[in-house]
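S.K.: The sequence shown runs 1343 to 1429 under my numbering.
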Amino acid sequence: MPIARSRVTAQGQISIPSQIRKKLGAGPGAVLEWDERDDEIVVRRAGKYSSAEIHSAIFTGRAPEPKTTKELKAGIRRLMRERHARD
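Below, the structure is given as structure tokens:
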């Protein structure tokens, strides 16, 4: 059973139900990210990254090698640029 429903307008816009906005902590001006995982679309508030996401971006599936703080920061910056690049 869905927790909320929205209707798409002719212009492709939707209203986000209040209980969803509260769960996301999204208010006026908040940026939401839409992501595809398998056969689902996931919506989340931009700027929230888990340590697992940062780890997978830095180490890309191989066994972790020791990294300096400078290398870790560079990997995080690269991930942020890729995720927030404007098309």
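Just so you know, even glycine gets a beta-carbon here, dropped at the ideal spot from N, CA and C.
Which residue marks the beginning of the beta strand (DSSP E) containing I1383, and which one marks its end?
M.R.: Counting along the chain, the beta strand (DSSP E) containing I1383 begins and ends at E1382 to R1387.
S.K.: Out of R1419, K1364 and A1372, which has the shortest C-alpha to C-alpha gap to I1345?
M.R.: Of the candidates R1419, K1364 and A1372, the one whose C-alpha sits nearest the C-alpha of I1345 is K1364.
S.K.: With distances taken from CA atoms, which of R1379, E1375 and D1381 is nearest A1388?
M.R.: Nearest C-alpha to A1388: E1375.
S.K.: Please return the same chain residues whose Cβ sits closer than 6 Å to the Cβ of V1385, not counting the five positions on each side in sequence.
M.R.: Result list for V1385: L1374 and W1376, in chain order.
S.K.: Specify, as a first and last residue, the run of the beta strand (DSSP E) that E1378 falls within.
M.R.: Here the beta strand (DSSP E) through E1378 covers L1374 to R1379.
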